[in-house]
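Asker: Let me begin by handing over the structure; questions about it come next.
4 protein chains.
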Amino acid sequence: MKVQLVYERSFSYHKTVRPRDQHKREAIFEATVKLVSDVGFADVSVSKIAKEANVSPATIYVYYKNKEDLLISIFVEIHEQKASAAMKGFDETSPLKEMFRKIWNNSFKFISENRDHLQYHEQFRSSPYNDLVNSTEATNIMQPFLAALESGAKDKVIKRIDDDILVAFIFSAIPVLSSSSYKTKMTRKNIETAFEMAWDAIKL
Amino acid sequence: MKVQLVYERSFSYHKTVRPRDQHKREAIFEATVKLVSDVGFADVSVSKIAKEANVSPATIYVYYKNKEDLLISIFVEIHEQKASAAMKGFDETSPLKEMFRKIWNNSFKFISENRDHLQYHEQFRSSPYNDLVNSTEATNIMQPFLAALESGAKDKVIKRIDDDILVAFIFSAIPVLSSSSYKTKMTRKNIETAFEMAWDAIKL
Amino acid sequence: MKVQLVYERSFSYHKTVRPRDQHKREAIFEATVKLVSDVGFADVSVSKIAKEANVSPATIYVYYKNKEDLLISIFVEIHEQKASAAMKGFDETSPLKEMFRKIWNNSFKFISENRDHLQYHEQFRSSPYNDLVNSTEATNIMQPFLAALESGAKDKVIKRIDDDILVAFIFSAIPVLSSSSYKTKMTRKNIETAFEMAWDAIKL
Amino acid sequence: MKVQLVYERSFSYHKTVRPRDQHKREAIFEATVKLVSDVGFADVSVSKIAKEANVSPATIYVYYKNKEDLLISIFVEIHEQKASAAMKGFDETSPLKEMFRKIWNNSFKFISENRDHLQYHEQFRSSPYNDLVNSTEATNIMQPFLAALESGAKDKVIKRIDDDILVAFIFSAIPVLSSSSYKTKMTRKNIETAFEMAWDAIKL
DNA sequence: GATGAATGAGTGTTCATTCAT
DNA sequence: CATGAATGAACACTCATTCAT
Chain Z
1 MKVQLVYERS FSYHKTVRPR DQHKREAIFE ATVKLVSDVG FADVSVSKIA
51 KEANVSPATI YVYYKNKEDL LISIFVEIHE QKASAAMKGF DETSPLKEMF
101 RKIWNNSFKF ISENRDHLQY HEQFRSSPYN DLVNSTEATN IMQPFLAALE
151 SGAKDKVIKR IDDDILVAFI FSAIPVLSSS SYKTKMTRKN IETAFEMAWD
201 AIKL
Chain S
1 MKVQLVYERS FSYHKTVRPR DQHKREAIFE ATVKLVSDVG FADVSVSKIA
51 KEANVSPATI YVYYKNKEDL LISIFVEIHE QKASAAMKGF DETSPLKEMF
101 RKIWNNSFKF ISENRDHLQY HEQFRSSPYN DLVNSTEATN IMQPFLAALE
151 SGAKDKVIKR IDDDILVAFI FSAIPVLSSS SYKTKMTRKN IETAFEMAWD
201 AIKL
Chain W
1 MKVQLVYERS FSYHKTVRPR DQHKREAIFE ATVKLVSDVG FADVSVSKIA
51 KEANVSPATI YVYYKNKEDL LISIFVEIHE QKASAAMKGF DETSPLKEMF
101 RKIWNNSFKF ISENRDHLQY HEQFRSSPYN DLVNSTEATN IMQPFLAALE
151 SGAKDKVIKR IDDDILVAFI FSAIPVLSSS SYKTKMTRKN IETAFEMAWD
201 AIKL
Chain V
1 MKVQLVYERS FSYHKTVRPR DQHKREAIFE ATVKLVSDVG FADVSVSKIA
51 KEANVSPATI YVYYKNKEDL LISIFVEIHE QKASAAMKGF DETSPLKEMF
101 RKIWNNSFKF ISENRDHLQY HEQFRSSPYN DLVNSTEATN IMQPFLAALE
151 SGAKDKVIKR IDDDILVAFI FSAIPVLSSS SYKTKMTRKN IETAFEMAWD
201 AIKL
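Structure representation (structure tokens):
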């Protein structure tokens with residue numbers, strides 16, 4: 001049971017001598033996320049990003065090979081941030097439902113603090129860029145949880161079913177709760193109920 | 001319990017008098033859906049659409065006010081097709097779970113026959129365009145089902161919770177099953193299991 | 001004995017409906033020739049051409065697929081103009097030397113009246129673009145002359161040698177006489193002497 | 001009778017004190033020649049040269065004032081190499097035709113061993129850069145030969161005519177024989193015949 | 001109704017060059 | 001001496017849209 005993430009080619013620009021201004025890379029990163037979240041994947045342009053990040057358009061090409069590299073690199077980074085955040089404090093000795101609840105709550109915390117990162121993630125996922133990000137090697141941060149799910153299936157605690165579908169149910173509520181009208185939705189109660197629904201979906 | 005759909009401004013889609021050459025309108029419609037599905041929202045241009053539809057770029061402006069109008073109108077149309085397809089043969093006298101199963105199966109039939117329509121829908125949903133399509137007036141095609149859900153909640157058959165979240169769980173598996181690796185996923189068994197998960201999520 | 005000229009792909013933009021403003025195509029043509037002649041192949045840009053031709057850069061792409069198409073199409077056109085001009089009044093019954101003299105004089109007339117066309121031609125020839133212009137099908141305007149050369153070789157009037165080398169000697173003086181310091185060189189006497197040298201080179 | 005070569009402004013090439021790392025200068029030189037020969041004058045950029053030469057773009061500016069200086073200096077260098085090669089073993093006591101044959105053969109040797117240098121030379125010659133290289137002071141390497149030609153003219157062995165035209169005929173076959181289809185052309189026989197043609201052109 | 005021509009504004013990207021190190 | 005970072009300006013090209021026909 002493995003869900004792993006790789007990029008076929010090495011995307012980011014990395015000479016042996018480190019770029020001097022790490023701050024600039026971050027500025028570009030944040031500018032891109034903000035813009036995609038604001039105006040959408042279809043309407044981000046390199047020059048808009050440059051303006052938002054307060055650098056020259058040419059500077060972006062010091063840090064990224066091209067626009068595609070930029071967008072993919074950022075996705076990968078967010079994807080890993082998200083996974084790391086979800087797994088924070090993961091305890092593999094606790095019961096499956098508690099593990100799950102932990103991850104669920106972590107996820108919501110991450111989302112509410114990084115709404116536009118999630119936005120970016122969603123848009124990227126539904127774009128054709130998504131097909132350029134491979135799942136053959138690993139960012140196996142989530143691995144322990146997936147392993148737990150598998151053993152839960154073996155122990156007949158949860159349903160035995162394809163990974164992706166399982167994960168879809170588990171996290172299906174997240175985009176909804178973080179949507180543009182999120183303010184009325186991310187109540188304690190809604191989050192708790194959504195969690196219970198997710199659990200009911202997968203449990204046997 | 002209401003999910004309604006309006007467009008703030010009046011889009012071409014609802015011109016009461018349709019232009020004469022309905023064939024051309026359809027060609028543009030299909031060309032757009034195909035292109036968005038193939039190359040993504042970010043890379044469809046009016047002239048590409050025109051080429052794909054075998055019309056002049058100028059012709060598109062005969063049928064649609066501008067590009068935004070085109071994209072939104074098409075979304076609305078797909079959205080309604082999807083709802084209509086889901087509700088086909090809906091019988092309000094049957095038990096809720098059977099209603100649900102009917103809609104579920106209808107939905108999968110629609111998807112497997114119109115994969116790129118679904119692709120378009122997904123991309124549109126996660127883009128900021130989505131915010132331009134309002135929910136203050138109605139496409140109330142789904143209304144009978146939503147009413148049934150509401151009465152199901154009243155009768156303590158299913159959970160009482162926000163519409164959007166409910167709907168999210170109900171249909172969360174669909175994008176996954178229709179994703180690019182769909183061929184291995186849309187088996188009879190997977191579809192059935194996914195349905196059971198959805199039902200378990202919402203039932204009390 | 002054949003020197004022919006073709007372009008592998010069809011370069012110029014040609015819809016069934018003719019562009020309205022033939023004048024514009026010519027303006028672009030002349031602007032390009034002038035610019036290449038003035039600033040050199042390396043430093044012509046589409047926007048400079050557009051400015052010189054008094055059109056928008058985008059307009060150029062109405063008439064030519066891209067910059068390469070533009071440059072090649074213009075070369076081909078000049079090449080044919082040049083050949084046509086050289087062959088004007090060609091009389092295949094006259095003795096070879098007189099044929100040759102006719103063509104020689106025609107060529108000089110063409111050059112002195114179209115110095116920058118020749119400049120363009122020279123620069124194109126020595127650029128790598130030249131390799132994109134094929135010699136497998138024909139602009140056989142020069143064919144009668146080449147045939148005459150061949151029969152001259154058969155009759156032992158001129159040397160039997162590779163076409164290209166023959167042609168090189170015949171026309172080698174032209175670029176020199178039309179060079180930037182041409183004014184002091186294109187005297188009647190120089191032209192006559194150069195012709196005699198060319199003839200001496202090829203005659204037996 | 002004088003053909004001299006000067007550069008109006010002082011180019012880096014003639015810095016009396018050469019930078020220490022002669023190896024790097026050569027790497028840049030060769031990289032530039034190779035690139036111009038491969039992709040053409042229009043498509044060489046400083047950074048491409050840097051990459052090809054395995055140095056930083058900034059390093060190029062250590063050795064050359066700017067791009068123009070680089071291109072011109074290299075031309076001058078090739079021009080001198082070419083002249084030196086041609087004059088190797090020049091014997092002013094031998095008859096004019098034998099002198100000429102010597103130079104001719106030397107030239108072909110140089111070309112066949114340095115095809116891309118010749119390519120560079122040709123492209124430079126037909127570009128407007130050529131006008132920046134003046135003929136008021138001297139690289140008088142060829143001087144002895146030109147003097148011999150002049151005295152040949154005085155002795156009525158060869159025609160009396162403008163230097164440039166003379167030289168044009170003498171060397172006109174070279175670019176042809178070294179063109180992209182050279183392999184089929186640089187046969188012993190072709191070279192010999194071309195020499196005879198050149199001699200016939202200039203001899204009285 | 002349908003179109004090709006035309007374009008100003010914008011696209012992603014590379015340019016030649018400078019500069020602090 | 002040698003460099004990577006940085007950039008304003010330019011690059012080739014495409015965009016959404018208008019308009020005369």
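Protein chains in written order, with the working numbering: chain Z, 1 to 204; chain S, 1 to 204; chain W, 1 to 204; chain V, 1 to 204. From the three backbone atoms N, C-alpha and C, an ideal C-beta is built for every residue, glycine too. Nothing here was measured: the structure is a model prediction, and the numbers come from that model.
For Z:Val46, decide whether its Cβ has a neighbour in chain S, counting only Cβ atoms nearer than 8 Å.
Answerer: No, Z:Val46 lies away from the interface with chain S (no Cβ there is under 8 Å from its Cβ).
Asker: Assuming S:Met87 and S:Ile170 are in contact, meaning their beta carbons sit under 8 Å apart, how far apart are those beta carbons, in whole angstroms?
Answerer: With a Cβ gap of about 14 Å, S:Met87 and S:Ile170 do not count as contacting.
Asker: Can you name, in chain order, every residue of its own chain whose Cβ lies under 6 Å from the Cβ of W:Ser107, other than the five neighbours on each side?
Answerer: Excluding residues within five positions, the ones whose Cβ falls inside 6 Å are Ala86.
Asker: Could you give the distance in angstroms between the alpha-carbon of S:Lys24 and the alpha-carbon of S:Ala53?
Answerer: Approximately 8 Å between the Cα atoms of the pair.
Asker: Using the beta-carbon count (16 or more within 10 Å), is S:Lys109 buried or exposed?
Answerer: Exposed, by the Cβ-count rule.
Asker: Just the Cα atoms here: how many angstroms apart are S:Ile174 and S:Phe100?
Answerer: About 14 Å.
Asker: If you scan the segment 125-151 of chain V from start to end, which runs of the alpha helix (DSSP H) of 4 or more residues do you find wholly inside it?
Answerer: The segment 125-151 of chain V contains no whole alpha helix (DSSP H) run of 4 or more residues.
Asker: If you count every other CB in all the chains shown that lies within 10 Å of the CB of S:Glu122, and 16 or more means buried, which is it?
Answerer: Answer is buried; the Cβ neighbour count reaches 16.
Asker: Along the alpha helix (DSSP H) that carries W:Tyr63, what are the first and last residues, could you check?
Answerer: Element bounds for W:Tyr63: Pro57 to Tyr63.
Asker: Beta carbon of V:Tyr64, beta carbon of V:Ser56: below 8 Å?
Answerer: Cβ atoms of V:Tyr64 and V:Ser56: not closer than 8 Å.
Asker: Per DSSP, Z:Ile158 forms a beta bridge with which residues?
Answerer: Answer is Z:Lys203.
Asker: Relative to the C-alpha of W:Thr32, which residue among W:Lys67, W:Val62 and W:Asp21 is closest?
Answerer: Minimum Cα distance to W:Thr32 is reached at W:Lys67.
Asker: How many angstroms separate the CA atom of S:Ile161 from the CA atom of Z:Thr193?
Answerer: The straight-line gap from Cα to Cα measures roughly 8 Å.
Asker: Please determine, among S:His117, S:Tyr120, S:Lys102 and S:Leu96, the residue with the shortest C-alpha to C-alpha distance to S:Asp155.
Answerer: Comparing Cα-Cα distances from S:Asp155 to each of S:His117, S:Tyr120, S:Lys102 and S:Leu96, the minimum goes to S:Leu96.
Asker: Give the range of the alpha helix (DSSP H) segment to which V:Ala173 is assigned.
Answerer: Where V:Ala173 is concerned, the enclosing alpha helix (DSSP H) stretches over Ala173 to Leu177.
Asker: Are there 16 or more other CB atoms within 10 angstroms of the CB of W:Asp69, so buried, or fewer, so exposed?
Answerer: It counts as buried.
Asker: Among residues of its own chain, excluding the 5 on either side of S:Gln119, which ones have a beta-carbon nearer than 6 Å to its beta-carbon?
Answerer: So the list reads Ser37, once near-sequence residues are dropped.
Asker: For Z:Phe145, which option in Z:Glu92, Z:Asn114 and Z:Leu132 has the closest C-alpha, if you only look at C-alpha atoms?
Answerer: Closest option to Z:Phe145, Cα to Cα, is Z:Glu92.
Asker: Count the other CB atoms, across all protein chains shown, that sit within 10 Å of the CB of S:Leu204; report buried if there are 16 or more and exposed otherwise.
Answerer: S:Leu204 comes out exposed.
Asker: Please report how far the alpha carbon of V:Lys34 lies from the alpha carbon of W:Gln143, in whole angstroms.
Answerer: Their backbone Cα atoms lie some 37 Å apart in a straight line.
Asker: Counting only the same chain and skipping the five closest in sequence on each side, list residues whose C-beta sits under 8 Å from that of W:Phe29.
Answerer: If we look at W:Phe29 and ignore the five residues flanking it on each side, its Cβ neighbours are Ile74 and Glu77.
Asker: Taking the C-alpha atoms as reference points, what is the distance between W:His117 and W:Ser126?
Answerer: C-alpha separation (whole angstroms): 15 Å.
Asker: Rank S:Ser178, S:Ala168, S:Asn130 and S:Thr187 by C-alpha distance to the C-alpha of Z:Ala201 and give the top, closest one.
Answerer: If we check each option's Cα against that of Z:Ala201, S:Ala168 comes out closest.
Asker: Measuring CA to CA, which of Z:Asn114, Z:Ser179, Z:Lys189 and Z:Lys159 is closest to Z:Lys82?
Answerer: Checked all of Z:Asn114, Z:Ser179, Z:Lys189 and Z:Lys159; the closest Cα to Z:Lys82 is Z:Asn114.
Asker: Taking only the alpha-carbon atoms, compute the straight-line gap between Z:His79 and V:Lys51 and give it to the nearest angstrom.
Answerer: Roughly 34 Å separates the two Cα atoms.
Asker: Which residue's Cα is closest to the Cα of V:Ile131: W:Lys185, W:Val44, W:Asp21 and W:Gly40?
Answerer: The question names Ile, but residue 131 of chain V is Asp in the sequence shown. Of the candidates W:Lys185, W:Val44, W:Asp21 and W:Gly40, the one whose C-alpha sits nearest the C-alpha of V:Asp131 is W:Gly40.
Asker: So, does the CB of W:Met1 fall closer than 8 Å to a CB anywhere in chain V?
Answerer: Residue confidence is low: W:Met1 scores 39 on pLDDT, short of 50, so the model does not pin down where it sits. Its coordinate-derived value is still stated next. No, its Cβ sits nowhere closer than 8 Å to a Cβ of chain V.
Asker: Using CA coordinates, which residue listed in S:Gly89, S:Ala147 and S:Lys102 is at the minimum distance from S:Glu196?
Answerer: Nearest C-alpha to S:Glu196: S:Lys102.
Asker: List the endpoints of the continuous alpha helix (DSSP H) containing V:Phe75.
Answerer: Segment Lys67 to Met87, the alpha helix (DSSP H) holding V:Phe75.
Asker: Using the rule of at least 16 other Cβ atoms within 10 Å of the residue's Cβ for burial, across every protein chain shown, is S:Ala58 buried or exposed?
Answerer: Exposed is the call here.
Asker: Could you spell out the range, first to last residue, of the alpha helix (DSSP H) harbouring Z:Thr32?
Answerer: Gln22 to Val39 is the span of the alpha helix (DSSP H), which, as asked, contains Z:Thr32.
Asker: In terms of residues, what are the limits of the alpha helix (DSSP H) holding Z:Met99?
Answerer: Its alpha helix (DSSP H) spans residues Leu96 to Glu113.
Asker: Are the C-beta of V:Asp200 and some C-beta of chain W separated by less than 8 Å?
Answerer: Yes, V:Asp200 counts as interfacial toward chain W.
Asker: Beta-carbon within less than 8 Å of V:Lys159's beta-carbon, same chain only, minus the 5 sequence neighbours each way: which residues are those?
Answerer: For V:Lys159, where only same-chain residues beyond five positions count, the Cβ hits under 8 Å are Ala153, Leu166, Ile202, Lys203 and Leu204.
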